[in-house]
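Engineer:
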């Protein structure tokens with residue numbers, strides 16, 4: 027399925043995630059659209075903005091509070107000026123759960139937190155292939171290490187799949203004769219806590235290397 031056409035002025039990483047997501051929602055022809063995210067989520071705001079004049083008004087569902095900083099506050103406040111169908115927050119969980127249940131059982135669609143779903147990841151795969159084209163054309167040097175913020179892991183998943191696809195297509199980029207590590211750095215408190223309690227906060231001993239084609243380093247990186 028083709029993605030939604032977005033111009034050069036519509037920049038940002040979230041637009042890659044939304045390109046195919048919005049097309050999938052359009053194809054379903056549903057009117058009950060719920061956008062999931064924590065307080066101040068860029069994904070929620072971007073989905074509502076880029077869905078204007080393309081999809082019915084959406085309902086942001088702010089499922090949990092986020093860090094109390096100005097950007098998060100402005101993101102939430104900005105949706106008040108947009109034509110949304112309604113809003114629910116973590117302060118009133120019962121109405122939010124009702125909306126989610128209605129959507130799950132056939133009365134709508136849920137745009138997942140961070141856009142991490144097959145359609146969202148597909149946009150990030152496309153971004154990785156664009157990067158591969160730039161490397162192959164000599165526009166940028168091949169990287170040894172790529173750092174990514176880890177939230178929902180949509181971007182990280184898409185990049186891993188994009189690298190695998192580039193290798194499968196035998197593109198002149200990301201080949202296995204060069205070491206490459208993806209370093210996913212948790213930026214959300216829930217993911218950071220999960221990483222700590224799962225033991226991934228421990229550092230590797232000097233000189234040790236990850237094993238396997240997709241080995242997660244205890245210190246964070248993913249070796250490809």
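Residue numbers (the numbering used here): 27 to 250.
Glycine residues also receive a C-beta, built at the ideal position from the N, C-alpha and C atoms.
First and last residue of the alpha helix (DSSP H) that includes residue 154?
Structural biologist: Here the alpha helix (DSSP H) through residue 154 covers 144-162.
Engineer: Using DSSP with H/G/I as helix, E/B as strand and the rest coil, what is residue 226?
Structural biologist: Residue placement at residue 226 cannot be trusted, given a pLDDT of 48 that sits under 50; what the coordinates show is reported in the next sentence. If DSSP states are grouped into helix, strand and coil, residue 226 belongs with coil.
Engineer: Determine contact between the segment 193-213 and the segment 157-170, defined as no fewer than three beta-carbon pairs at a distance below 8 Å.
Structural biologist: The segment 193-213 is in contact with the segment 157-170.
Engineer: What does a CB cutoff of less than 6 Å around residue 139 pick up in its chain, not counting 5 residues either side in sequence?
Structural biologist: 62, 63 and 178, listed in sequence order.
Engineer: In the DSSP assignment, what residue or residues form a beta bridge with residue 172?
Structural biologist: In DSSP, residue 172 forms a bridge with 208.
Engineer: Would you report the Cα separation of residue 201 and residue 193, rounded to the nearest angstrom?
Structural biologist: The straight-line gap from Cα to Cα measures roughly 6 Å.
Engineer: Are the segment 203-212 and the segment 92-112 touching by the rule of at least three beta carbon pairs closer than 8 Å?
Structural biologist: Counting Cβ pairs under 8 Å, fewer than three are found: no touch.
Engineer: Quick check: the segment 178-191 against the segment 75-93, are at least 3 beta-carbon pairs closer than 8 Å?
Structural biologist: They do not touch, by the three-pair rule.
Engineer: What residues match up with residue 86 in a beta bridge as DSSP calls it?
Structural biologist: Answer by DSSP bridge pairing, in chain order: 61.
Engineer: Is the separation between the beta-carbon of residue 60 and that of residue 147 shorter than 8 Å?
Structural biologist: Against a cut-off of 8 Å, the Cβ pair of residue 147 and residue 60 comes out as no contact.
Engineer: Output yes or no for whether 8 Å exceeds the beta carbon distance between residue 211 and residue 175.
Structural biologist: Yes, the Cβ-Cβ distance between residue 211 and residue 175 is below 8 Å.
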